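Scroll down for the structure; my scribbles are underneath it.
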Amino acid sequence: MEIQDISDDIDVKVKKYQRGEGADLEALKDKKLKGQLANREELYKKSANAAAKAEKWLMQTEAGRLESEGFEKTWRFSQQSIAQEVDVSSRKNQFDLVLPDLGPYTIDYTSSGRYMVTAGRKGHLAIMDLHTMKPVKDFQVRETVRDVVFLHNETFFAAAQKKYTYIYNNAGTELHCLKEHGAVLKLQFLKNHFLLSSINKFGHLHYQDITTGQMVGNYRSGLGRSDVLQVNPYNSVVASGHSGGTISMWKPTSAAPLVKMLCHHGPVTAIAFHPNGHLMATAGMDKKLKIWDLRKYEVLQTLPGHAKSLDFSQKGLLASSTGSFVQILANSSDSQNYDRYMIHTMVKGYQIQKCLFRPYEDVLGIGHSMGLSSILVPGSGEPNFDSWVANPFETLKQRREKEVRLLLDKLPPESIIMDPTKIGTLRTSNKIQKATKEEKEAEKAAAIAAAKSGPQKKKTKGRSKPSKVAKKKQEGVEKAKRPFAEENKHAEMVVSKKKQKRITEANELPKSLQPFVSRKAGVDI
Amino acid sequence: MKGGGLSIKQRWRLLWIKQNWWREVRVSRNYDPNLRTQEKAVEYVRALNAAKLDKVFARPFIGAMDGHIDAISCMAKNPSRLKGLFSGSMDGDIRLWDIASRKTVCQYPGHQGAVRGLTVSTDGRILVSCGSDCTVKQWRVPLASGIESNDSSDSSDKLLASYVWKNAFWAVDHQWEGDLFATAGAQVDIWDHNRSVPVNSFEWGNDTVISVRFNPGEPNILATSGSDRSITLYDLRTSSPARKLIMRTKTNSIAWNPMEPMNFTAANENCNCYSFDARKLEEAKCVHKDHVSAVLDIDYSPTGREFVTGSYDRTFSCDASYVISGSDDTNLRLWKAKASEQLGVILPRERKKHEYMEAVKNRYKHLPEVKRILRHRHLPKPIYKAGLLRRTMADAEKRKEDRRRAHSAPGSLMPHKSVRKNRIIQEIE
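Heads up: the sequence lines are chains F and W, in that order. Counting from 1, position 372 in the first sequence corresponds to residue 380 in my numbering; the numbering is continuous, with no gaps. Counting from 1, position 203 in the second sequence corresponds to residue 720 in my numbering; the numbering is continuous, with no gaps.
Printed below as a string of structure tokens:
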């Protein structure tokens, strides 16, 4: 009995590691290829099983969760009551830093969740080590700072200041001044590609490779000023939200956006992407929060409310903040619907600028007009980290090694595509096959039949005389025939133009060469 | 109200923080695909880097062994001792080399003319050589592994037997398990170690037999190739030839696959090598095309997965990692089979890394960028040009064939002949 339970349990987990469906081997005729692929599939199954077993027996910690008994709702629990239930070291993650003078604060975490950089609008920049709760460096730049991001590790961060963007060291030394970006409103860092992307006051998008310093892309979005920029961690596509309610998604190698979707009736105020790449949450001034499925580009759920800032956690919880109020939504037990999980209200005057989940910890960081706060959100962080992806307990040696390995595995900017699993697969043929004559005839016949058998509108008061009905039907049939006739005319025109050209060219030749002009159609001179 | 289960985490956290700098750093893994984004792109970049590093570290030449005065005509390897290699030259000089030190261990002078074939008996004690002076000689192979100085007084000791026969010999090969060896000349002769005349003699047709090879799995089967463009299979038990296959061009050499003894590969005069299954000779299993001129010699690696061919050189391999080639410029060269392989003792971590690089390269080797790098070979100009020429000629042929087919009435022309069958004229029982 127990073995059965264990194997069922593992089955569910195995699916997670299989990364999609297996290949269809029945359709193959080549025996050798079939054998080789069957072998491969065996290997994949084995490795997925091994990973599932490792997860079951070797993953040390489980995620926590807020559970309510009876009629109590989970969102009724305040931070104080949660703090009473958890252990000391988790309680120290809950703090409030009151910094009233230097403007609304925005924050960013490193990918391991250990270091945090904050920027106050009036020029205060600070890096904090969250394990020891000590500031690493704290300095003033004396000009407006609009956004700040960490680069690949805690030793570098970029700050979007009044006129230009600057890159600083963790000792506070200014390393670079990036003038080309202009007056940037939002910055995002693409980790796998080492690209710093920014959107500036005029709505221009810039991509800069920070290892070589080369500007990889520089595009005008064409949709005006936009201060919403978010990177999709699944495929490194950057999405910007515009004041017409559209969201456009960009990649560094093309001047036109990959996708433009109309999301809201008013300006878009915030975007967030789920780490698995399928879900996107957007909020607009039309007081709606929409959750989209990115594979079909359809709305899954619409929730009421404003949101100035949205963020998905590693476990799929969605935090939305507006004014001085934060609400955290969770999808219950694998259903796609998000509903309220927790709320947190701050002191009335505080205007929340940004809310961001901390990786690998059950913590939500909030940057607001009077400083920083950090609240506990049980179940939001991934409890088991992978040392070779992001290690919160990194030593200096490990950090250096990691930097070298990241650089070796740096992806070229051309590898950004909407579906990253397509790399290495067969490309389907893009050839537009011209319909043969029979096919065209068949299409025409089908269109005529459809027009003839279409719904007949019956008019009242003596307006539906049989002669008029017949005339209408005839018009419908001719309308159906028209596109085919146009196509034919167009094709004939092309052919006749070619013929004309050939004839004029033939006439231009001296008389002695004219007999050698080929009379056959389709032969170019 | 219940809270989350975070206390286990606290314990682990304290353990982490407590670790001292001198203790081994703990690694924890989480294989969840959601933690790693764009795995395929990362793998592709690693495959590309692996292919480039392959070419950067490619240093195939290890060393040359010289000592011969005339061109090398044949080589033999000792199945029981991998370090020793025999080579015979056009002036009758046979030498035993120690590959590790690349020096001659001992010499066997005695042949009057060119030494055409060399082979070692199964136990590795006797070396059989045959030459164009119509003699077959048997020599003793020294057992000691140390380098001995060339002692001419010992040479008469080393020669065990010398048999004279009617015609010049072209090749010799020893059975893999047994006492017989076969020589190729005007016909195929089967000899026993102790008899001075051949035990048996096969003949089919009137032309000289150029090369002979025994099957590694079946000790009684041997394959020969003749100058009448044929490949013949003989069975010693039936004392008559079993099968004959006539091709369009002459086969210069044959090698059996030591791991799959029913397959053999024939090195042909028309720059291709054809792999056959001995049970079904009507079509070649595989055609190997890359040389630009006649392929003269061929040998399989002991793993049976790779074979090495030489044109205008004689080549073979003792071991799946080294290839030895002997040529007309009187020296033997030692090469690495995989040019970028790291020789010597490899640490387990290094080995894992090499295996990973191989695997990731193989996964993406069909993609254009990786394929271009892996396929690239820096060839000498004449060979490169000759290759291009051959390709244009083959393309022109194919195009003409296609057009002929397109413009002739359907069914009037012979159906498509597959490349595998193309070169075979007929098969005779």
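Cβ coordinates follow ideal geometry from the N, Cα and C atoms, glycine included. No experiment lies behind these values; they were computed from the predicted model shown.
If you draw a straight line from the C-alpha of Ser666/W to the C-alpha of Leu905/W, how long is it?
For Ser666/W, the predicted structure reports a pLDDT of 45, less than 50, and the residue's modelled location is therefore unreliable. A value from the coordinates is still provided. Approximately 49 Å between the Cα atoms of the pair.
Margin query: Which residues in chain W have a C-beta closer than 7 Å to the C-beta of Thr429/F? List them in chain order.
Written below: Lys557
Nearest candidate by alpha-carbon position, reference Gly28/F, set Pro463/F, Lys194/F, Val276/F, Thr429/F:
Thr429/F
ask   = Residues bridged to Ser329/F by DSSP?
value = Ser317/F, Val334/F
Can you check DSSP and say which residues form a bridge with Thr826/W? Ile815/W
Could you tell me the alpha carbon to alpha carbon distance between Leu570/W and Lys259/F, rounded to whole angstroms? 30 Å
#### Entry: Sub-9 Å separation of Lys761/W and Thr749/W beta-carbons
yes
List, in order along the chain, the chain F residues whose C-beta lies closer than 7 Å to that of Pro758/W?
-> In chain order: nothing, as chain F lies at least about 33 Å away.
Practice problem: Determine the direct distance from the alpha carbon of Glu914/W to that of Arg920/W, and round the result to whole angstroms. | Solution: 10 Å
* To do: Measure from the alpha carbon of Phe158/F to the alpha carbon of each residue in Leu186/F, Asp137/F, Ala168/F, Val125/F, then state which is nearest.
  => Val125/F
Assuming Arg765/W contacts Trp687/W under a Cβ cut-off of 8 Å, what Cβ separation, rounded to an integer in Å, is found between them?
Contact flag wrong, Cβ pair sits at about 21 Å.
Residues of the region 868 to 902 of chain W with a CB closer than 9 Å to any CB of chain F: list them in chain order, please.
Arg880, Tyr881, His883, Leu884
### Task
Could you tell me whether any Cβ in chain W is nearer than 9 Å to the Cβ of Phe393/F?
yes
- Length of the line joining the Cα atoms of Ser669/W and Ser844/W: In this prediction, Ser669/W scores a pLDDT of 40, lower than 50, which makes its location untrustworthy; the coordinate-derived value is nonetheless stated afterwards. Computed Cα separation, rounded: 26 Å.
Check this for me: beta carbons of Lys194/F and Ser119/F, under 9 Å apart or not?
no
- prompt: If we count Cβ pairs, one from each stretch, closer than 8 Å, do we get three or more for the region 99 to 106 of chain F versus the region 44 to 59 of chain F?
  reply: no
### Query
Leu372/F and Leu380/F: beta carbons closer than 9 Å?
no
Closer than 8 Å by C-beta to His871/W: which residues in its own chain qualify, once you throw out the five before and the five after it? Chain order, please. Gln859, Ile863
Could you tell me which chain W residues have their CB closer than 8 Å to the CB of Val397/F, listed as they occur along the chain? Asn547, Leu552, Arg553
Can a CB atom of chain F be found closer than 9 Å to the CB of Arg730/W? no
Per DSSP, Trp682/W forms a beta bridge with which residues? Note: Trp682/W sits in no beta bridge, so no partner.
Exercise. What residue range is occupied by the uninterrupted beta strand (DSSP E) comprising Lys620/W?
Worked result: 620 to 625
> Using DSSP with H/G/I as helix, E/B as strand and the rest coil, what is Met518/W?
Replying inline: For Met518/W, the pLDDT reaches just 34, beneath the cut-off of 50, and the residue's location in the model is therefore unreliable, leaving the point undetermined.
Amino acids of chain F, ordered along the chain, whose beta-carbon sits closer than 9 Å to that of Asn566/W: Leu416, Asp417
Between Ser328/F and Ser317/F, is the Cβ-Cβ spacing less than 9 Å?
-> yes
**Request:** Assign Arg154/F to buried or exposed, taking buried as 16 or more other Cβ atoms, counted over all protein chains shown, within 10 Å of its Cβ.
**Result:** buried
Let's test the definition: count the other Cβ atoms within 10 Å of the Cβ of Glu63/F and tell me whether it reaches 16, buried, or not, exposed. buried
*Are at least three pairs of beta-carbons, each pair with one atom in the region 247 to 255 of chain F and one in the region 268 to 278 of chain F, less than 8 Å apart?*
yes
Review point. How about Arg27/F: is its C-beta nearer than 9 Å to some C-beta of chain W?
Key: yes
(message) Does any residue of chain F have a CB that is nearer than 9 Å to the CB of Glu657/W?
(response) Going by the sequence as given, residue 657/W is Arg instead of Glu. No, its Cβ sits nowhere closer than 9 Å to a Cβ of chain F.
Practice task
Can you tell me which of Arg303/F, Ser321/F, Lys448/F puts its alpha carbon nearest to the alpha carbon of Asn496/F?
Solution key: Lys448/F
Under 9 Å, Cβ to Cβ, is there at least one residue of chain W near Gln612/F? Nothing about residue 612/F can be read from this structure; chain F reaches only from 9 to 533.
Could you tell me if Arg366/F is buried or exposed, where buried requires 16 or more neighbouring beta carbons within 10 angstroms of its beta carbon? buried
**Prompt:** Considering only C-alpha positions, which residue in the set Ala291/F, Gln322/F, Asp319/F is nearest to Gln309/F?
**Reply:** Ala291/F
ask   = Contact check, Gly358/F vs Pro400/F under 8 Å by CB: the rounded distance?
value = Rather than Gly, the amino acid found at residue 358/F in this sequence is Tyr. Their Cβ separation, rounded to whole angstroms, is 29 Å, which puts Tyr358/F and Pro400/F out of contact at 8 Å.
* **the region 914 to 932 of chain W: positions lying closer than 7 Å to chain F by Cβ** => none
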